[in-house]
Structures are given as structure tokens and as C-alpha cells.
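Peer 1: Going by this note's numbering, the sequence shown opens with residue 499, and the numbers climb by one from there.
We put the CB at the ideal spot given by N, CA and C, even for glycine.
Have a look at the structure that comes next, please.
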Amino acid sequence: MPEAKNNVKGTRDILPNETGGFIRIESVLRTIASLYSYHELRTPVLEYSDVFARGVGEGSDIVRKEMYTFLDKGERSVTMRPEFTAGIIRSVIQNKLYATNELPLKIFYSGPAFRYERPQLGRYRQFTQFGVESVGHNSVLNDFEVISMAYSMLYSLGLTSVKVKINSLGDNETRTKYREALKGYFLPHLDNMCPDCKQRYEINPLRILDCKVPEDHVLAIGAPKINDFLSETSKERFEALKSALDDAAIPYEVDDQLVRGLDYYSEVVFEFDYTSLKGKNYGALGGGGHYSNLMKELGGPDLPGVGFSFGIERLYDVLKDDELIKEDDDTLDIYMMPLGNEVRLYALEIANKLRLAGYSVDYCFDDVKLGNMFKRASKKRAKFAVIIGENEYNNHKLVVKDLAKEEQNEIEEDNIVCYFDAIFNQECKCKCSDDYCTDEQCK
Numbered sequence: 499m500p501e502a503k504n505n506v507k508g509t510r511d512i513l514p515n516e517t518g519g520f521i522r523i524e525s526v527l528r529t530i531a532s533l534y535s536y537h538e539l540r541t542p543v544l545e546y547s548d549v550f551a552r553g554v555g556e557g558s559d560i561v562r563k564e565m566y567t568f569l570d571k572g573e574r575s576v577t578m579r580p581e582f583t584a585g586i587i588r589s590v591i592q593n594k595l596y597a598t599n600e601l602p603l604k605i606f607y608s609g610p611a612f613r614y615e616r617p618q619l620g621r622y623r624q625f626t627q628f629g630v631e632s633v634g635h636n637s638v639l640n641d642f643e644v645i646s647m648a649y650s651m652l653y654s655l656g657l658t659s660v661k662v663k664i665n666s667l668g669d670n671e672t673r674t675k676y677r678e679a680l681k682g683y684f685l686p687h688l689d690n691m692c693p694d695c696k697q698r699y700e701i702n703p704l705r706i707l708d709c710k711v712p713e714d715h716v717l718a719i720g721a722p723k724i725n726d727f728l729s730e731t732s733k734e735r736f737e738a739l740k741s742a743l744d745d746a747a748i749p750y751e752v753d754d755q756l757v758r759g760l761d762y763y764s765e766v767v768f769e770f771d772y773t774s775l776k777g778k779n780y781g782a783l784g785g786g787g788h789y790s791n792l793m794k795e796l797g798g799p800d801l802p803g804v805g806f807s808f809g810i811e812r813l814y815d816v817l818k819d820d821e822l823i824k825e826d827d828d829t830l831d832i833y834m835m836p837l838g839n840e841v842r843l844y845a846l847e848i849a850n851k852l853r854l855a856g857y858s859v860d861y862c863f864d865d866v867k868l869g870n871m872f873k874r875a876s877k878k879r880a881k882f883a884v885i886i887g888e889n890e891y892n893n894h895k896l897v898v899k900d901l902a903k904e905e906q907n908e909i910e911e912d913n914i915v916c917y918f919d920a921i922f923n924q925e926c927k928c929k930c931s932d933d934y935c936t937d938e939q940c941k
């Protein structure tokens, strides 16, 4: 039995010195999604299991081996979401968003997902996904815009040498012919293949191409290529996408082994591969693709979509590995230093006043010497110290020290907010007559 003091295998604590980096990554992704006119949709962590069985596909490894599924107290099968797309589409259908909004419906999402898979570099059993879905328009330019947006997000984070891999899985006609060709190719080898691939052969032979067992992987390399089976319509669509990527100078390569791990994909699929500056191969930072039948499969209208997702933990690890993000990158505006028990409550009131004005303020609760307080302020990377002793308390004045310039001033208590507003170039929030006030109406 595992010790209760340890976290569950495959999960990760995001420590206080790391959260700033995670927030920065999510902020960049959210900002760029908003610039593309995407809006956030939040779905529950729990869905009925059928949403993923029908949406993701019973032939996928996610449904067959990786989902956290259990019966609730009403004996209903529910699953902690292993990915977002199926739940997003379920919500779009349930709330009829396709009928009340202009298409394509542009959605982004962010939150935890859960898969029972082997923990490895940048992969966890609980992880945070950020992604987008563009639903309701079949234009290849919509596919291109989504790939372009994802590439822009990675570039904006500082990852300038991302390798975009693309492939086409074709339309229904293409995949029907290709499945038959794969079955014919793998049939003579079936007895020697892994148990998973034997099941994949019956359910969806395309999944065999994604097998990681070395012998089966070598066998898959020699399998027929889907590009040889593309319908004329799918060929034209794929060529149009490549032409758009060329025009936008987005570097890419065609990977005819790329199938992605979800059964709902059709036409273009893509991944964003990355090797860090130190040589660590992180594989796919994220990926996605076009889907034609997912909404219909989940009981909605016959509308297509395209989307992608990133793993935030993996992005954080890559950025940290390449020294593009620093731990504990936050600074503190003000460190409050009360000198003596009789001024502690007063100093705390001043701290709260500054917090309400929008400044980050920490407070020394311990009865320590002033020198130790300055050491604490330095460790917290504070910009200013506010020192309050008995004399300051009696005269309603505060000593403010600029910790970078080693300069200090004595400020009237009533003017402390205006003083910092002037320093931080904030609009004054009160009516006063102090020289530090930046609002002309206050003077």
C-alpha cells in the first residue's frame, strides 16, 4: 500500500515557485486564442463514459486502456475526462451552440485531464490541457488557421525551432480502402504481433501504425501508405493546406506514419515536435487534426471541426529546460517591517490599505531585528520596505526605503498610497494635496 504522505504515481505538485511559469504559459495561450476570436468553454471533469467511447473511439488506446472509469452511486458509468474534444462537442450539441452562433464556432479550453498511462518525460496521469476547437466550417483555410495559431503560440513562448508534422487520413472513402489494404498487409504477420495489435486489427487497423512495440513498429514502417489511397478530393485538400503553409513560411514535413491517437480524426492531422537546446527529445508538445463525423456520432448535426491541444506541464518542462522560463519569477512590491509589538496591528492596517490599492505586500510577523527583516525582503525580491517603529506610529509617518537605490523617505500616513501611485505610475485614487500625487484634480 503506498504511503499517504506521497502523491499518487503519475501526478505532480505544482509548487509555489513554479506556478508563475504555468500562469505565464496559460496567459500567452489564452491571449493568442482571444486574438483569433476564440472564446472559452468550460466542461465538467466527469462525463458519461459513452461520450468518450463514441467520440474518441473504442479502437483507441485511450478508451481501451487509459480511462479512469467507474460506476457512480446511481450505477452509471462515468469517466474522468481523458481529453476535451468529445466533451466540448457534447456541450455544443446539448446547448445547441451551433444554432445560435455564427459558424465556425470558435472555442478554447483549459483544465485537467486524466489518463492511466506510463509516466515518462513530460507525461503525467493528471495533466493540464489547453486547446481549441473550431466547429462548423469545412474550409481547408480553417484547418490552416488553426495550425497557424498553434504555431504562433509556441513561437510566442520562445520555441522557435518547432517541427510541424502533417499527414492526411483522407475522407471516409479513403479510409475504407486503406483499412482493407492494411488488413491484407498485416494478416500474414498477425500471429506474431502483440496482443494489442491483434485487437487493433479487428477494431481499427490504422491504430497498428501507432504501436510502440519495436517489432510491430518496424513492420508498420513497411505498411502501405495512406497517401497512395487518398481520394481526389482529399489530395486536393492536402495540397491546398501545404500551399498555405508554404505561403506562411511555416516549416513542416509530411509524416506518412502520423495517425494520432484518436479515432475521430479525418483529413489533416498534425503534431508539433520539439527537441530542447540540451538535446532532450520531448516528442510532440501537442497536436490535433480535422474531424468530419464526430458531431454526428455524438447525436448532433453533420458538421465538421478542427482542433488541437497542448500539455501545459510538457510546455513548462521544455521552457525550463531551454532556460526560457525562470522559477520564482515574481517580485514583491512592498515588505512591511513593524518594529515592536505595539505597532504590529497598525502596520497590518497599513499593509491592507496598500493591498486594496493594488500593491502586493508581505508582512513580517516575527519579532526579529531590522537587519533580518531586510534579508527577508531581499529573499522575497521586494522593491520597497515600509518601516514602522514607535516614533512613526506616534507621528503617523512611515519610512519607505527603495531597496534597489538604497534611498529612503519619510511619508505621511495619509499620503502613502499616493506616494506609491507616483512611483508605479498609477492613477491616484484619492483627493489629497501631497506632492507625490499624480492626479492633477487632487492638488
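1) Taking just the CA atoms, how far does I521 sit from L667?
2) Do you know how far the Cα of F806 is from the Cα of N725?
3) To the nearest angstrom, how far is it from the Cα of G656 to the Cα of I810?
4) Return the CA-CA distance between L707 and G629, expressed in angstroms with no decimal places.
5) Looking at L796: is its Cβ nearer than 8 Å to the Cβ of G803?
6) Under the DSSP definition of a beta bridge, which residues are partnered with L544?
7) Under a three-way DSSP split, which group does K507 fall into?
8) Would you identify the three-state DSSP class for G720, choosing helix, strand or coil?
9) According to DSSP, is H715 part of a helix, a strand, or is it coil?
10) If I'm right that L756 touches Y772 with Cβ under 8 Å, what's the distance once you round it to whole angstroms?
11) Can you have a look at L843 and say buried or exposed, based on whether 16 or more other CB atoms are within 10 angstroms of its CB?
12) By Cβ distance below 7 Å, which residues in the same chain neighbour T509 in space, the five residues on each side in sequence not counted?
13) Quick check on N636: does DSSP put it in helix, strand or coil?
14) Around the C-beta of E938, are 16 or more other C-beta atoms found within 10 angstroms, so that it is buried, or is it exposed?
15) Counting only the same chain and skipping the five closest in sequence on each side, list residues whose C-beta sits under 8 Å from that of A721.
16) Which value, in whole angstroms, describes the spacing of the CA atoms of K941 and D919?
17) Whole angstroms are fine: how far does the CA of S729 sit from the CA of E671?
18) I832 and L846 - do their beta-carbons sit closer together than 8 Å?
19) What does the Cβ neighbour count give for K873, buried or exposed, with the cut at 16 atoms within 10 Å?
20) With respect to the beta strand (DSSP E) encompassing T829, which residues constitute its N-terminal and C-terminal limits?
21) Measuring only the C-alpha atoms, how far is Y780 from R812?
22) According to the Cβ coordinates, are A531 and P580 closer than 8 Å?
23) Is it true that the CB of I587 sits closer than 8 Å to the CB of G553?
24) Give me the Cα-Cα distance between K594 and R613, rounded to the nearest whole angstrom.
25) For the region 824-872, which segments carrying the alpha helix (DSSP H) assignment without a break, of at least 4 residues, lie completely within its bounds, in sequence order?
26) Return the bridge partner residues of T517 from the DSSP annotation.
27) Which residues share a DSSP beta bridge with E631?
28) Counting Cβ pairs, one atom from each stretch, are 3 or more of them under 8 Å apart for the region 532-548 and the region 558-577?
29) Assuming V767 is part of the alpha helix (DSSP H), what are its boundary residues?
30) Mapping the DSSP letters down to three states, classify E538 as helix, strand or coil.
31) Pick out whichever of P703, V506, P514 has its Cα sitting closest to the Cα of R616.
32) Determine the DSSP secondary structure at H788, reduced to helix, strand or coil.
33) Report the residue from I823, Y917, H894, R677 whose alpha carbon sits nearest the alpha carbon of N515.
34) Name the one or two DSSP bridge partners that K895 has.
35) Under a three-way DSSP split, which group does D641 fall into?
36) Checking the sheet assignment: what are the DSSP bridge partners for K661?
Peer 2: By the coordinates alone:
1) 35 Å
2) 22 Å
3) 15 Å
4) 25 Å
5) no
6) M578
7) coil
8) coil
9) helix
10) Between Y772 and L756 the Cβ distance is about 15 Å, and since that is not below 8 Å, they are no contact.
11) exposed
12) Y622, R623, Q624
13) coil
14) Low local confidence applies: a pLDDT of 49 at E938 is under 50, so the model's placement there is unreliable, with the coordinate-based value given in what follows. Exposed: under 16 other Cβ atoms inside 10 Å.
15) L680, Y683, F684, I706, L707
16) At K941, the pLDDT of 46 sits below 50, so the modelled position is not reliable; the number obtained from the coordinates is stated separately. Roughly 14 Å separates the two Cα atoms.
17) 7 Å
18) no
19) exposed
20) Unbroken run through T829: none, as it is neither H nor E.
21) 8 Å
22) no
23) yes
24) 29 Å
25) 842-854
26) Paired residues: none, contrary to the question.
27) I605, G805
28) yes
29) No alpha helix (DSSP H) contains V767, which is instead part of the beta strand (DSSP E) from 763-773.
30) strand
31) V506
32) strand
33) I823
34) E910
35) helix
36) D771
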